[in-house]
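Q: Sending over a structure as structure tokens; questions will come in a sec.
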Amino acid sequence: MELRYDTASTAFATQLATKEWHRQLGGDTIADAILDRIVHNTIWIDTGEYNMRQRHGQTMLDN
């Protein structure tokens, strides 16, 4: 992350809620540093709870 910080884009995709990130990264000073770099200048795209598997699975069953 340090090498990319402020020079390149980084995309994260996760099923974890953002409130869980710190704990999953170890919950210590290193987790703080990583999260600081991740959330600085971030563009958030929240897709909500839309479930493509459920939608397309039902479509397949209906056909």
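Each residue of the sequence shown is one higher than the one before, counting from 0 in numbering that gives the first Met the number 0. Just so you know, even glycine gets a beta-carbon here, dropped at the ideal spot from N, CA and C.
Specify the secondary structure class of LEU34 as computed by DSSP and reduced to three states.
A: As a position in the sequence shown, residue 34 is number 35, starting the count at 1. If DSSP states are grouped into helix, strand and coil, LEU34 belongs with the helices.
Q: So, helix, strand or coil for ILE29, using DSSP?
A: On the sequence shown, position 30 is the one that residue 29 refers to. If DSSP states are grouped into helix, strand and coil, ILE29 belongs with the helices.
Q: From the DSSP output, in three-state form, read off ASP61 for me.
A: Reading the sequence shown from its first residue, position 62 is the one you call residue 61. Note: ASP61 maps to helix in three-state DSSP.
Q: If you run the structure through DSSP and keep just helix, strand and coil, what is GLN23?
A: As a first step, residue 23 is located in the sequence shown; it is residue number 24 there, counting from the start. Correct three-state label for GLN23: helix.
Q: Quick one, are the C-beta atoms of ALA32 and LEU24 less than 7 angstroms apart?
A: For this step, residue 32 is matched to residue 33 along the sequence shown. For this step, residue 24 is matched to residue 25 along the sequence shown. No, they are not a contact pair.
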